[in-house]
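Each residue of the sequence shown is one higher than the one before, counting from 1387 in our numbering.
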Amino acid sequence: MYIVSLKQFDGPLDLLLTLITHAKVDIHDIFVSEITEQYLESMKLVDELDMDSASEFLQMAATLLEIKSRSMLPKPPKPEDENELSPEEALIRQLEEYRQFKEISGRMQELEKQARALITKLPEEYPLPPPVVEITGLTLDKLQRAFLRVLERARAQEVGERMASREIRRDSFTVSGCMARIQRRLNRGAFAFSELFDADMTRAELITMFMALLEMVKLGRVAVAQQNPYEEIYLSQHTPA
């Protein structure tokens, strides 16, 4: 005897299909087998279910009893509508459809399990290698000193302009904007450090431009080189090896 617990089934069709599978009986032969008796025996456990679930199992039990009793009585004449299914045919169709659904559901669960095993970390979860800072022939301190000379010239120019009562334009510079300007210049090829700073730049613009340059060097987007001490410093687009 196959012992079952009704709570482990998703409904009467699930229980009935399990009994059929366990007994190794073809779905079409369930009405001449002991499946009906086994199902009715399982109804002794119906008290463990809630009212809605219990009514579903009891309704299936009534259907099985009806079909069983019909098989023991003389068969009624064929209905006028030949397409109308008998209770036996309707139940068999339900079982076959449920079996197909359960098989497909099982395959989908297996595919989901396989997919979970293939999930990897997102790219952003992996630490990226640090950017390469390329400064050839000079130190960062020397680069800063070169900028201080540019800044000193701008300070002297601003003093002269104030003495001449020239109108000072409003400063509106951002590091990101200056980085874009440097990148456009780099796209045309290498150029001298001094060419980065125009003569009419204000101190605020000079400082913002230099900060943008340092940020690009830090990100590994600019290579800085000086052949010999006190010679011109050149900037070029860094190309990873």
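Ideal Cβ positions, reconstructed from N, Cα and C, are used throughout, including at glycine.
Looking only at its own chain, which residues have a Cβ that is under 6 Å from the Cβ of residue i, when we skip the five neighbours before and after it?
i       : result
LEU1451 : none
GLY1575 : none
ILE1521 : VAL1610
PRO1615 : none
Alpha carbon to alpha carbon, what distance is there between residue j and residue i?
i       : j       : result
VAL1610 : LEU1537 : 19 Å
GLU1496 : SER1472 : 36 Å
THR1588 : ALA1540 : 7 Å
LYS1410 : ARG1502 : 34 Å
ARG1607 : MET1494 : 48 Å
GLN1612 : GLN1569 : 20 Å
TYR1425 : ILE1490 : 25 Å
ASP1415 : GLY1492 : 25 Å
ILE1413 : LEU1444 : 20 Å
For residue i, I'd like the list of residues in its chain whose CB is within less than 7 Å of its CB, leaving aside the five on either flank, ordered along the chain.
i       : result
MET1363 : As shown, the chain starts at 1387 and ends at 1627. That puts residue 1363 outside it, with no answer to give.
ARG1571 : PHE1577
ASP1584 : none
Which of the three DSSP states, helix, strand or coil, is assigned to residue i?
i       : result
ARG1578 : Correcting the residue type first, residue 1578 is Ala in the shown sequence and not Arg. Strand, per DSSP.
ILE1521 : strand
GLN1480 : helix
SER1551 : Residue placement at SER1551 is poorly supported in this model, since its pLDDT is 49, which falls under 50; the coordinates still yield a value, given next. Of the three classes helix, strand and coil, the one that applies to SER1551 here is coil, per DSSP.
SER1622 : strand
Can you give me the Cβ contacts of residue i inside the same chain, cut-off strictly under 8 Å, excluding the 5 residues immediately before and after it?
i       : result
ASN1573 : GLN1623
THR1449 : PRO1473, LEU1477
Could one say the Cβ of residue i lies closer than 8 Å to chain D's Cβ atoms, at least one of them?
i       : result
ASP1436 : Within the model displayed, chain D is absent; a lone protein chain is all it includes.
Would you check if the region 1607 to 1624 and the region 1526 to 1538 touch, i.e. whether three or more CB-CB distances between them fall below 8 Å? yes
Are the region 1591 to 1606 and the region 1560 to 1568 in contact at 8 Å, needing three or more beta carbon pairs? yes
Tell me, please, whether the region 1392 to 1408 touches the region 1476 to 1486 by the rule of three or more beta-carbon pairs shorter than 8 Å. yes
Which ranges does the alpha helix (DSSP H) cover as unbroken runs of at least 4 residues, wholly within the region 1417 to 1455, from first to last along the chain? 1421 to 1428
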